[in-house]
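Protein chains in written order, with our numbering: chain F, 2 to 372; chain D, 2 to 372. Every residue, glycine too, gets a C-beta built ideally from N, C-alpha and C. Note sheet for the following structure.
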């Protein structure tokens with residue numbers, strides 16, 4: 002039995018390649034560090050869905066198409082309000098609202114994908130504002146995707162620097178091989194089910210803490226350490242009592258996660274605007290160096306390197322997002338990859354259906370004539 | 002690469018065993034033909050969730066527990082009404098309402114499973130009545146599960162024979178190894194996500210036509226054939242023009258699907274009550290014999306045998322259900338298996354995360370400074 006299907010190749014893909022030994026992430030042909038900080042989110046989504054970057058006019062039409070799909074239906078809005086009123090976690094709100102995105106529309110893979118990509122920021126933004134006692138802001142069609150998400154959250158047009166930082170983040174996490182949520186989406190649509198069903202399943206999978214993408218604890222760690230000179234003792238003590246150091250180590254990457262470099266640079270640039278963020282960033286870089294040194298010493302050969310969560314926490318925190326919204330924000334980027342994988346799987350048109358080993362009893366009989 | 006993970010063993014399970022060569026289905030120790038026609042649905046659900054049949058007092062408490070969870074929240078009811086008003090397919094209505102089942106409740110695996118099992122018939126019944134212009138009927142806590150589903154659909158208490166026939170059907174389809182929807186649920190909760198997320202994903206997977214569980218076309222075939230003497234020419238012609246004969250052949254079973262025998266008997270018993278159903282059943286048995294003979298002759302060695310859909314169609318039709326509700330009715334039985342698999346997967350606490358082969362381009366560079 003292949004526990005957890007470790008090492009089993011389940012499908013071929015043209016969407017992304019994770020080379021854990023070399024620390025390389027390729028997104029539809031481009032190294033993540035060459036693409037994420039420079040492309041718009043719309044360009045990256047187009048690249049994933051169409052297999053190439055758009056020409057300028059295609060880029061504009063794609064932006065307009067997405068922008069026209071941002072408003073939620075009355076039924077979806079009502080569910081988001083109910084979810085916020087009941088204070089369900091953000092990922093539950095997303096899981097409740099996303100399956101309603103097909104209401105009143107004909108099923109169509111590319112159409113469904115565009116609607117899902119456009120709607121995620123509206124769902125999360127509306128939920129977040131209502132949860133915090135503020136009214137939702139109307140959608141705007143004159144902002145690019147990343148800027149629109151910040152507008153949905155904060156009710157104000159973001160500066161170019163802030164929009165760029167979020168865009169770089171969303172691009173960085175847009176796809177990552179056959180992770181558990183992407184695989185769940187592909188399994189679902191391998192029955193020829195629709196895009197919204199696949200994406201709904203992916204949201205449910207991403208919700209689980211083993212998926213990763215939970216960078217909140219990195220901030221708790223930095224707040225607890227407080228200053229660089231306390232880092233070494235803090236890290237040594239955590240390891241001594243058997244706890245993991247948040248933001249280090251990855252199931253696949255045995256060297257530094259290439260996304261960490263992209264997001265470190267984005268956090269660095271963004272942190273210049275506020276002294277508090279600059280101090281946190283400098284502390285983080287110092288803690289990173291210390292943690293790597295101590296981890297190599299205490300856990301030799303384990304190759305625990307900085308992962309994507311470490312600098313995600315810094316970027317999103319500097320943007321003013323609260324840790325509770327981090328995973329839902331991750332979903333606003335990963336939705337592009339989910340949709341592209343689902344459409345790729347549709348073309349396979351082959352059920353994903355492994356076997357199980359039965360280890361239970363056999364030959365039991367009911368007592369008497371009935372159970 | 003293992004296309005579709007064919008033949009790959011992904012997990013161990015104590016829930017069910019499909020022996021395709023011998024034509025045997027074991028449900029937590031019991032042969033399906035020894036269990037499904039005799040046990041209550043509640044006993045089978047208990048068996049799957051707890052690993053053994055309940056003692057009499059446990060059976061009663063389990064029935065009461067389920068019966069107390071049948072009512073939908075205001076938010077879930079509103080979504081079911083919206084879905085019916087927009088005339089979305091039944092499986093879409095289920096996918097929209099199920100994720101809302103967690104609203105206002107603390108997350109708890111067994112609790113969530115009980116609520117999901119209890120709520121599926123209410124969701125499908127309410128949707129079906131509103132879709133057809135009738136008001137929903139209030140839930141009742143004084144009916145067993147199968148009888149309550151018929152009450153939700155038809156607004157009247159069913160006869161013991163009708164309730165037994167549906168109960169036998171729900172028991173027969175309660176679990177079936179690692180089918181695509183069950184596997185989707187396990188992948189989702191392998192991240193430690195919750196039961197409702199897993200079950201929501203399973204509904205999305207079951208929706209797809211490759212999943213099976215679409216017995217409607219069997220009735221179309223029988224209506225088209227009309228009388229036994231026309232069967233042979235009809236079947237030969239279908240095969241000649243390259244079409245499949247509905248209700249025959251299965252990915253796993255190379256002999257007669259053991260569930261076909263259970264449901265054939267249930268359909269036979271139920272059909273005694275109405276001449277029209279009796280005639281359809283007799284026609285079906287005759288068509289079955291003819292089709293098996295012709296299939297063996299025209300497709301030698303393919304071992305296309307009667308599958309579960311063939312007699313599912315007859316049971317559900319004799320109960321007065323419309324083909325459009327067949328897959329959602331299937332879900333009202335399979336939900337027990339989904340929940341049990343999800344809870345079994347939670348105990349594994351191991352991510353299901355296979356690999357993909359990257360077959361796209363590499364080393365592409367953006368033109369100029371930006372994309």
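Nearest-angstrom beta carbon gap, residue j and residue i [assumed within contact, 8 Å]
i: residue 240/F; j: residue 288/F; result: The Cβ separation is near 14 Å, so there is no contact.
i: residue 50/F; j: residue 341/F; result: 5 Å
i: residue 209/D; j: residue 192/F; result: 3 Å
i: residue 174/D; j: residue 45/D; result: Not really, about 10 Å apart at Cβ, beyond 8 Å.
i: residue 97/D; j: residue 80/D; result: 5 Å
i: residue 41/D; j: residue 168/D; result: 6 Å
i: residue 113/F; j: residue 197/F; result: 5 Å
i: residue 264/F; j: residue 313/F; result: 6 Å
i: residue 71/F; j: residue 140/F; result: 4 Å
i: residue 39/D; j: residue 85/D; result: Incorrect: roughly 36 Å between the Cβ atoms, too far for contact.
i: residue 403/F; j: residue 131/F; result: Nothing about residue 403/F can be reported from this structure: the residues present for chain F run from 2 to 372 only.
i: residue 104/F; j: residue 58/F; result: Not a contact, Cβ separation roughly 32 Å.
i: residue 152/D; j: residue 159/D; result: 7 Å
N-terminal and C-terminal residue of the alpha helix (DSSP H) that residue i is part of
i: residue 226/D; result: 217 to 226
i: residue 285/F; result: 276 to 299
i: residue 101/D; result: No alpha helix (DSSP H) holds residue 101/D; DSSP gives it neither H nor E.
i: residue 47/D; result: 42 to 51
i: residue 190/D; result: 181 to 190
i: residue 266/F; result: 259 to 272
i: residue 2/F; result: Where residue 2/F is concerned, there is no enclosing alpha helix (DSSP H), given that its DSSP letter is neither H nor E.
i: residue 333/D; result: 327 to 349
i: residue 165/D; result: 161 to 173
i: residue 88/F; result: Where residue 88/F is concerned, there is no enclosing alpha helix (DSSP H), given that its DSSP letter is neither H nor E.
i: residue 154/D; result: 146 to 155
i: residue 57/F; result: 57 to 68
i: residue 237/F; result: 232 to 241
i: residue 198/F; result: 196 to 207
Per DSSP, cross-strand counterpart(s) of residue i
i: residue 307/F; result: 249/F
i: residue 357/F; result: 12/D
i: residue 120/D; result: DSSP output for residue 120/D lists no bridge partner at all.
i: residue 26/D; result: 19/D
i: residue 31/F; result: 28/F, 365/D
Residues of its chain near residue i, where Cβ-Cβ distance is below 6 Å and the 5 sequence neighbours each way are ignored
i: residue 6/D; result: none
i: residue 344/D; result: 110
i: residue 251/F; result: 258, 308
i: residue 247/F; result: 218, 219, 222
i: residue 267/D; result: 166, 169, 316
i: residue 278/D; result: 272, 319
i: residue 305/D; result: 249, 250, 296
i: residue 116/F; result: 70, 102
Cutoff 7 Å; reference residue i; Cβ partners in own chain excluding five residues on either side
i: residue 202/F; result: 185, 186, 189
i: residue 365/D; result: none
i: residue 183/D; result: 203, 338, 339, 342
i: residue 206/D; result: 181, 182, 185, 212
i: residue 374/D; result: This structure does not reach residue 374/D, given that chain D is present from 2 up to 372, and the question cannot be answered.
i: residue 233/F; result: 291, 295
i: residue 100/F; result: 197, 201
Own chain, CB closer than 8 Å to residue i, minus 5 neighbours either side, in chain order
i: residue 371/D; result: Its pLDDT being 49, under 50, residue 371/D is placed unreliably in this model, and the value from its coordinates should be taken loosely. Answer for residue 371/D: no residue qualifies.
i: residue 237/F; result: 295, 299
i: residue 275/F; result: 319
i: residue 303/F; result: 250, 296
Which residues, taken in chain order from the segment 257 to 277 of chain D, show a beta carbon closer than 7 Å to some beta carbon of chain F?
none
Proximal residues, the segment 160 to 181 of chain F versus chain D, C-beta separation under 8 Å:
178, 179, 180, 181
To be precise: take each residue of the segment 93 to 127 of chain F, compare its Cβ to all Cβ atoms of chain D, and keep it if any distance is under 7 Å. Which residues remain?
93, 96, 97, 100, 101, 103, 104, 105
If the cut-off is 9 Å on Cβ atoms, which residues from the segment 124 to 156 of chain F count as contacting chain D, listed in chain order?
Cβ contacts with chain D: none found.
Quick one, which residues of the segment 223 to 255 of chain F are near chain D if we go by CB-CB under 8 Å, in chain order?
252
Anything in the segment 287 to 309 of chain D with a Cβ closer than 7 Å to a Cβ of chain F? List those residues in chain order, please.
none
Which residues, in chain order, does the segment 51 to 79 of chain F contribute to contact with chain D at a C-beta distance below 7 Å?
54, 76, 79
Listed in chain order, which residues of the segment 36 to 52 of chain D have Cβ atoms closer than 9 Å to some Cβ of chain F?
36, 39, 40, 41, 44, 45, 48, 52
What are the residues of the segment 324 to 347 of chain D that lie near chain F, defined by any Cβ-Cβ distance shorter than 7 Å?
none
Residues of the segment 355 to 371 of chain D in Cβ contact with chain F at a cutoff of 8 Å, in chain order, please.
355, 356, 357, 358, 359, 360, 361, 362, 363, 364, 365, 366, 367, 370, 371
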